[in-house]
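Our numbering puts the first residue of the sequence shown at 919, with every later residue one more than the last.
Idealized CB from N, CA, C, for every residue including glycine.
First comes the structure, then the notes that go with it.
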Amino acid sequence: MKKIILPSLLMTQFFINNALAAETIKSKVVQVTSRRTLENIQNIQANVQVISRENIQELKPNSIPQILNQLGGLTITGTSLSQFNLGATVGMGGYGEANVNNTLILLNGQRINPIDSGSVPWEMIPIESIERIEITKGSASVQYGNRAVGGAINIVTSEGEKNYNRASASYGSFDTQTLSALMQTRTNDILLTISANDQRTKGYRQNSSADAQGVNARLTKFFGENSIYIDANASHRYAQSPGGVVGFVGEGNQRAAKWNNIGSFFEGENYGINLGGILNLHSKIKLETDIFYKTSKLLYEEPRARLAPANNNIYDRWNLNFSPRLKIDLSQFGDLVTGYDLIHAYGNDNKFANAKLIDNSVYVMHRLPLMNSLDFNSGFRRQIEKATANDTPTNNLPTSAKTTQADAWDIGFNYKISQSEKVYVKYNQAFRFPNIDEFWGGYPRTFSGALLIPQKDQTYQIGGDLQIGATKITTSFYHTDTSNQIRYDSYNSKNINDPYDVKRIGTYLSTISELNEKWVFYTNSNLQDVSYADGPNKNKTVPLSPYLTMNARLTYKVDDRLSLGAVVNYVGSQYYAGAHDLYNNKGDPTDPYYQYAPGYAIDNFYKRIPSYTVTDMYANYKMDSWDARIIVKNITNTRYSTYGGMGLPETSPGILTYSPYYYPSDPRSVFASLSYNF
């Protein structure tokens, strides 16, 4: 690891030192929605990173997770990522396997995380439609409630005021094809935006082809400073599932599908509609409201299922969200944001096992100016959830119902040094409730008859934005203590409230350096220690939580037409998922699968998923209304995996064996794209 860290730090220092001699960047005012209403980023007491449309077009990505990884420096994991990252999980804060449940994903302020443990339907948001992405690194539970423990990502779609039309096509390795288009037109007081994408690939591995389509339309009517809108989207996804490769990373045939995954696939559809508006009730009182409905259906088919001849599951989900909020200008006493969130959600499996959630919460956030540029910020949210779960009738288990509540709060100080600089310190509490999958176990499916209690996280954080010459630095240091952590127990195949606390200590660092008019250098890094504070795993790192992740991007503008760029991602080594659970129960003769436990697997439970470095290089060429681009991904052809685990894979029909397994990522690939602006 030292061989990676030292050159990287020296390179970063080199660019910063050169940037110190450059003329200071004149930063423009950045508006974000991190307090549920649009306002100056300098008033936000948090580590907020904004990815603009221009950044995205420079990268020309295949997926939103690629944007978050290569422009935001966030960790991306998954079991069948392929070129489109359809099943990707985005992680912040070091929650390992539970990243999907501790990072909140929003579309125009409305949560799009499934109510189960499924992946976010990234395909429902055409990339061309994205105006910006706001990444809040650190707890956002006061603002958004459940699931925003590690952070929140708000994807904001086109909201510009001018006509803009664009069409793009790309083709590359593994017969990967993408078509996308955006039409944005404004006539007087009406803005209409329509975007669509179509993606197809045959995949690198056996049984890994995929295709996805998404459509988004937004119609906004303006009445002076007031407005109303309707936003609708729909998507379809088909993705074959090659399964994991049995063994440690690098072992086995990385292209072959697991024997019982041949023919397996996921197919799903998502539909959503969002109605909302902004109404200025008074010169100092603004009302914003949204009502959002989303429904989804997912089919999973496994022709040769585990210990059974076939496995076909249909998952139906829907949720209704209502979120009115007020922003009140209190003059010399600052401003107040207060609101109410209603979430009503339902899901069933094959029309038998089902669960229902009704969440009600109220929140208030206050920014109080103290002196000069110093603000005192505080916030509070109370969320009450009524959960009901019904198991399949054949299991003869009772209905389980429970009403629980959790509080989030936030206090701290924010000092604005200049128009583009600030420092802040805060202390907060965040929470998350179990999703409906966590009412049950894994396979074989079991129902505990009792629901889990909320997870609680308390965090100290200090951070800020600084300008040093031509370098903009965004950083934060955090210390989080987690109790009642909701996680999956790999050995007992059930979801639990972990009786042992976890401590998370780390720092985020992002930089942008305009070295001169041609060179721009970007970095993102996260150094973290995520380990158990007590219990049998005391001081041991939580699985799937790398100690260090780093991201660097360098762009070079040759002239007005040609630009070149490179992106490097480094992810440190990490424990396989389930390593602690299986190790702590190794050699248990009462285990029904004890006879299948080979010595090499037990003796090597604490081998790590190897660290990896992946480099992409690209060239962009502009001519009039045309943009052409070529990219080489993973140029060094690194063989790596973002996800691996320890468990009981079925290595042959009816035979379960304690063994590691992993999901290989794609090797070197080449893509070309062409866009036309009209």
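Exercise. What residues in its chain sit with their C-beta under 6 Å from that of R1118, if we drop five residues either side in the sequence?
Worked result: Q1095, D1129
For this session: With a threshold of 16 other CB atoms inside 10 Å of the CB of L1275, please say whether the residue is buried or exposed.
Result: buried
Exercise. For G990, which three-state DSSP category applies?
Worked result: coil
Exercise. Can you tell me the Cα-Cα spacing of W1437 and D1477, whole angstroms?
Worked result: 11 Å
Problem set entry | Where K1442 falls, given that 16 or more other Cβ within 10 Å makes a residue buried | The sequence given here has Asn at residue 1442, not Lys. Buried is the call here.
For this session: Out of S1411, Q963, P1044, state which residue places its alpha-carbon closest to the alpha-carbon of P1567.
Result: S1411
Problem set entry | Cβ neighbour criterion (16 or more within 10 Å) applied to L1500 | buried
Exercise. Just checking my contact of V1018 with D1375 at CB under 8 Å: how many whole Å lie between their CB atoms?
Worked result: With 8 Å as the limit, V1018 and D1375 do not qualify as a contact, their Cβ atoms being about 16 Å apart.
Exercise. Which stretch, first to last residue, makes up the beta strand (DSSP E) that contains N1332?
Worked result: 1318-1334
Exercise. Smallest Cα separation from E1432: which of T1389, N961, I1380, V1448?
Worked result: T1389
For this session: Using only alpha-carbon positions, find the residue among D1419, Y1440, E1303, P1032 that is nearest to N1237.
Result: P1032
Exercise. By DSSP, does L1435 sit in helix, in strand, or in coil?
Worked result: Sequence check: residue 1435 is Glu here, not Leu. Coil.
Problem set entry | Distance, E1339 Cα to V1255 Cα | 23 Å
Exercise. Taking Cβ to Cβ, would you say L1097 is nearer than 7 Å to I1148?
Worked result: no
Problem set entry | Counted within 10 angstroms of its Cβ, other Cβ atoms place F932 as buried (16 or more) or exposed | Any reading at F932 must be qualified, since the residue scores a pLDDT of 39, below 50, and its modelled position is unreliable; the value itself is stated next. Classification for F932: exposed.
Exercise. Taking the alpha carbon of N1230 as the point to measure from, which residue in H1262, F1351, F1183 has its own alpha carbon closest?
Worked result: F1183
For this session: Alpha carbon to alpha carbon, how far is E1049 from A1152? Give it in angstroms, no decimals.
Result: 19 Å
Problem set entry | Candidates N1026, G1014, Y1233, T1377, of which the one nearest N1188 by Cα | Y1233
Problem set entry | Check whether S1577 and Y1558 have beta carbons under 7 Å apart | no
Exercise. Counting Cβ pairs closer than 8 Å, one from the stretch 1373-1387 and one from the stretch 1328-1346, do we hit at least three?
Worked result: yes
Problem set entry | Proximity of Q1373 and N1402 at Cβ, strictly below 7 Å | yes
Problem set entry | 7 Å Cβ cutoff met for D1259 and G1424 | no
For this session: Give me the Cα-Cα distance between Y1524 and A1324, rounded to the nearest whole angstrom.
Result: 36 Å
Problem set entry | In DSSP terms, what F1183 is bridged to | Q1158, E1219
For this session: Identify whether A1590 lies in helix, strand or coil by the three-state DSSP scheme.
Result: strand
Problem set entry | Proximity of T1054 and N1081 at Cβ, strictly below 7 Å | no
Exercise. Do you know how far the Cα of N1295 is from the Cα of R1123?
Worked result: 51 Å
Exercise. Under the DSSP definition of a beta bridge, which residues are partnered with A1114?
Worked result: A1099, V1133
For this session: Would you mind stating whether K978 and S1591 have Cβ atoms separated by less than 7 Å?
Result: yes
For this session: Measure the alpha-carbon distance for L1024 versus L956 and round it to whole angstroms.
Result: 15 Å
For this session: List the residues that DSSP assigns as beta-bridge partners of A1495.
Result: G1563
Problem set entry | Same chain only: Cβ atoms within 6 Å of I962, ignoring 5 sequence neighbours per side | S952
Problem set entry | Whole-Å CB distance - T1075 paired with V1489, under 8 Å assumed | Contact doesn't hold; Cβ gap of about 30 Å is too wide.
Exercise. Which value, in whole angstroms, describes the spacing of the CA atoms of G1257 and F1210?
Worked result: 16 Å
For this session: Please work out which residues of its chain come closer than 8 Å, Cβ to Cβ, to V1163, disregarding the five sequence neighbours upstream and downstream, and give them in chain order.
Result: E1169, G1170, N1171, Q1172, A1174, K1176, Y1579, Y1580, Y1581, P1582
For this session: Within its chain, find whatever has a CB closer than 8 Å to the CB of T1322; leave out the 5 residues flanking it on each side and keep chain order.
Result: I1302, E1303, A1305, F1351, L1369, I1371, P1372
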